[in-house]
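Residue numbers (the working numbering): 136 to 599.
We put the beta carbon where it would ideally sit given N, CA and C, even for glycine.
Here the structure is a predicted model, which means the values were calculated and not measured.
Structure, as structure tokens:
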């Protein structure tokens with residue numbers, strides 16, 4: 136499994152189901168052609184400051200801003216930038232808010248009927264339309280849940296639907312959530328209903344949590360997928376990898392991180408190899424995680440720091456920083472960028488070399504001598520990467536997948552003319568009230584967020 140389990144795995148699932156691909160639709164530069172920008176559950180100025188500077192530039196040029204967040208983030212009001220609408224919803228009511236926005240778009244005839252007819256599954260749209268049209272999804276009814284005034288919701292929905300090129304950017308406030316996947320699908324529903332997919336300035340854009348978490352997901356680090364987001368139950372895909380790797384592969388998904396902890400406590404999961412992730416800090420319910428790690432018989436941690444998880448390790452392997460390795464990173468806009476080391480690794484080996492050595496020691500021989508050979512294998516097995524090579528990356532610097540015979544230079548904007556899945560599919564997004572509610576005994580809800588001076592759990596920044 137991957138660290139995306141506690142950040143953007145709902146993005147992968149939600150966008151795959153609705154649009155056909157588990158990634159954002161745009162290039163970052165696309166924001167410069169947006170007329171309306173909606174930011175949901177994200178704080179770009181702290182979490183993604185480089186992109187935020189680009190977004191703020193466009194806002195200063197006159198683009199309209201809608202912010203949906205329980206907190207008053209910097210973008211709500213800062214020098215030369217001010218949100219037209221701040222939808223200050225109660226924590227846990229994301230889906231309720233999205234459904235109320237959709238209710239306005241549908242009942243006030245703001246749907247882009249031409250786009251829906253030509254680009255989307257009609258039956259699924261009609262079912263979704265009937266669902267969101269219900270009085271239970273009206274802004275007035277949902278105000279009881281969200282706390283956002285109905286008039287504010289109605290005006291925000293009108294601005295998004297009628298304001299020209301409208302883009303949605305969202306972060307962990309959407310995905311680190313009980314209804315994370317549902318909310319991602321609700322966002323995709325809004326974009327499809329208004330025709331805001333498939334050109335510059337629009338789209339559904341996850342602001343992902345780390346520099347290469349998109350790349351990690353692309354490479355099949357989820358227990359249910361092979362590289363390229365292909366399910367392990369697909370017999371043809373499984374046969375392709377079995378032939379290349381020379382082993383039999385299971386058709387049933389492996390365990391997700393939370394399931395690993397549960398299995399460790401019941402004695403059926405006894406070993407863990409943890410690369411570059413501090414699960415003792417990042418995963419929910421620290422006491423549960425600690426008990427699970429303490430119950431395992433073999434924990435191998437590979438990192439550049441002796442982090443909190445390393446305290447449970449039986450073996451610690453050296454990691455290499457981005458300054459000490461060759462390879463590629465793939466970011467939130469699907470951009471594959473070359474990484475070149477500026478110094479030899481202090482520990483003597485790059486990450487991939489440690490993995491190769493461990494594999495060889497365990498009896499599965501790997502014969503890679505350079506990361507470019509690994510990329511060749513990726514290109515041979517993963518259709519969206521079939522046109523990627525180090526030679527091409529060294530020539531042009533970076534490219535955005537899909538990169539193949541249909542798009543040899545990459546794909547800045549996805550779903551142009553046709554969705555990856557063929558027709559876009561609307562999904563019913565039923566709001567389920569969160570179980571995390573205030574009581575007399577526990578009158579407060581802690582809503583965490585990123586701050587500019589610290590990065591994630593602080594494994595690096597707390598040491599600087």
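Contact annotation: the region 267-279 does not touch the region 344-356, with fewer than three C-beta pairs closer than 8 angstroms. Between the alpha carbons of residue 213 and residue 227 lies a distance of about 26 angstroms. Inter-residue distance for residue 159 and residue 341 is about 6 angstroms (C-alpha atoms, whole angstroms). When the beta-carbon positions are compared, residue 208 and residue 219 stay at least 8 angstroms from each other.
Taken through DSSP and simplified to helix, strand or coil, residue 231 comes out as helix. According to the DSSP secondary-structure assignment, residue 434 is paired through a beta bridge with 407.
Per DSSP, the unbroken alpha helix (DSSP H) holding residue 527 starts and ends at 525-531.
A distance below 6 angstroms between beta-carbons, with the five flanking residues on each side excluded, links residue 313 to the following residues of its chain, in chain order: 569. Judged by DSSP in its simplified three-state form, residue 147 adopts helix. Per DSSP, the beta-bridge partners of residue 557 are 554. When the alpha-carbon of residue 263 is set against those of 354, 561, 434, 335, the nearest one is in 561. Annotation for residue 296: 240, 245, 329 place their beta carbon closer than 6 angstroms to its own, counting only its chain and skipping 5 residues before and after. In this structure, 235 is the residue among 306, 235, 301, 265 with its C-alpha nearest to the C-alpha of residue 286.
Within its own chain, the residues whose Cβ lies closer than 8 angstroms to the Cβ of residue 483, once the five positions on either side in sequence are excluded, are 453, listed in chain order. Using a 10 angstroms sphere on the CB of residue 459, the tally of other CB atoms reaches 16 or more, which defines it as buried. Of the candidates 242, 157, 318, 318 places its Cα closest to the Cα of residue 566. Fully enclosed alpha helix (DSSP H) runs of no fewer than 4 residues occupy 414-417, 421-430 of the region 413-493, in order along the chain. Apart from sequence neighbours up to five positions away, the residues of its chain that approach residue 485 with a beta-carbon distance below 6 angstroms are 455, 460, ordered along the chain. The region 190-204 and the region 155-174 touch, with three or more beta-carbon pairs separated by less than 8 angstroms. Under DSSP, residue 222 shares a beta bridge with 203. In this structure, the straight-line span from the alpha carbon of residue 410 to that of residue 385 is close to 23 angstroms. Scanning the region 252-309 from its first residue to its last, the whole beta strand (DSSP E) runs of 3-plus residues come out as 301-305.
Counting every other CB atom within 10 Å of its CB across the protein chains shown gives residue 191 a total of 16 or more, marking it as buried.
In the structure shown, the three-state DSSP call for residue 396 is helix. The shortest C-alpha to C-alpha distance from residue 392 to any of 402, 407, 310 is the one to 407. For residue 167, no beta strand (DSSP E) segment is defined, and its DSSP state is neither H nor E. In terms of Cβ geometry, residue 367 and residue 377 do not form a close pair [threshold 8 angstroms]. If you check the CB distance, residue 471 and residue 536 come in under 8 angstroms.
A check of alpha carbon separations from residue 334 across 435, 308, 300, 310 identifies 300 as the nearest. Taking C-beta atoms as the reference points, residue 421 and residue 414 fail to come closer than 8 angstroms. Under the three-state reduction of DSSP, residue 563 is assigned to coil, being neither helix nor strand.
With respect to the 8 angstroms criterion, residue 555 and residue 155 are classified as neighbours on the basis of their beta carbons. Check the Cα spacing between residue 306 and each of 146, 516, 593: the tightest is with 146. Here residue 314 carries a coil assignment [DSSP, helix/strand/coil]. In chain order, 162, 535 place their CB closer than 7 angstroms to the CB of residue 547, counting only its own chain and leaving out the 5 sequence neighbours on each side. Residue 231 places its beta carbon 8 angstroms or farther from that of residue 153.
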